[in-house]
Amino acid sequence: MKARNHRQTLGLMLALIFAVCGSYASAAEKASAKAPAATTGGVADRWVLWPKPGHEKEFETAAKEHVAWRKAHGDPFAWTGYQPVVGTDLTYYVFRSNDHQWKDLDAEEAWGMKAKADEAYESQLGVHVQKAVHFIEETDTEHSHLAGNLGDYKYFQVVTRNVKPGAGADARAAIAKIHKSLQDQKWPYSYRLAWLTGGKDSFRIILPLKSYADMAEPSPSVREVLAKALGADDAAATLKQFGSSFELVDDTVFVVRPDLSTQK
62 MKARNHRQTL GLMLALIFAV CGSYASAAEK ASAKAPAATT GGVADRWVLW PKPGHEKEFE
122 TAAKEHVAWR KAHGDPFAWT GYQPVVGTDL TYYVFRSNDH QWKDLDAEEA WGMKAKADEA
182 YESQLGVHVQ KAVHFIEETD TEHSHLAGNL GDYKYFQVVT RNVKPGAGAD ARAAIAKIHK
242 SLQDQKWPYS YRLAWLTGGK DSFRIILPLK SYADMAEPSP SVREVLAKAL GADDAAATLK
302 QFGSSFELVD DTVFVVRPDL STQK
């Protein structure tokens, strides 16, 4: 947010995730789902902030102030706030700005320098922050499937995996094969795949949820769809290829915080 300092079957990509996370859409929604409107790009600017112990209330008040300040001063980015509600660390907040092209980050940086956004951040919000990390996230639009309006979702489950050394090609080949099978079989559930810039070579699977009920197991499951599309042996081999290419790092459910987001 500164100007720019930049579960069983889920050891196996969507198979493992969807075994525990659900339908993500009602039958009526699946029947009438339309592709989302085209966006300007697949790049997201993502800040993760940990408040100082005991400063949580002050942090939230300051975050609202700073997000409002940015809008009032012409920030070209709109920010959405998130807070983890399921996971091993529930003490941080995430602020994201989505749907950008890479060049938009240059415009954001230029605005920040001109508006002195770093100084405003430090005086308004930074005094309540213990730790901050920054990532750029790029959606793998070729291998993602999103139906409907993401603004209708309240929760997002995010599974993060690190690519094992030397396994990048196998990982990407498995992802492409799984995605093609799901699409060929017209599997209706939404998922977004993304890669992180910053830190290790990390791959993320983002699953939109309207409620906790959406975490119920879908039917058919990913494993069942792959078996139908590829045959049981090829499906098992593809899932094994995927699973052996990554290390599971984290599985967290976030709730959207509209009150900490850029207001319309």
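The numbering of the sequence shown is this note's numbering, which starts it at 62 and goes up by one. Ideal placement from N, C-alpha and C gives every residue a C-beta, glycine not left out.
Where T122 sits in the DSSP three-state scheme: helix
DSSP three-state call for H204: helix, strand or coil? helix
Assigned exposure category for P327 - 16 Cβ within 10 Å defines buried: Outside the displayed range of the chain (62 to 325) lies residue 327, so it cannot be described from this structure.
Taking one C-beta from the segment 167-175 and one from the segment 118-128 each time, how about it: are there three or more such pairs within less than 8 Å? no
Would you call the segment 213-223 in contact with the segment 123-142, where contact means no fewer than 3 C-beta pairs closer than 8 Å? no
With which residues is P145 paired in a DSSP beta bridge? F315
So is L151 buried or exposed if we call it buried at 16+ other beta carbons inside 10 Å? exposed
If I follow the unbroken beta strand (DSSP E) through V220, where does it start and stop? 216-224
Tell me which residues share the same chain as D262 and place their Cβ nearer than 6 Å to its Cβ, disregarding the 5 neighbours each side in the sequence. V224
Leaving out the 5 sequence neighbours to the left and right, which residues in its chain are closer than 6 Å to V190 when beta-carbon positions are compared? L110
contact_flag[the segment 176-191, the segment 141-148] where n(CB pairs < 8 Å) is 3 or more: no
Classify T202: buried if its beta carbon has 16 or more other beta carbons within 10 angstroms, exposed otherwise. exposed
Where Y339 falls: helix, strand or coil (DSSP): Because residue 339 is not part of the residues shown, which for the chain are 62 to 325, the question remains open.
Are the CB atoms of L268 and F217 nearer to each other than 8 Å? yes
With H, G and I counted as helix, E and B as strand and the rest as coil, what does DSSP make of L321? helix
Could you give the first and the last residue of the continuous alpha helix (DSSP H) run that contains D295? 293-304
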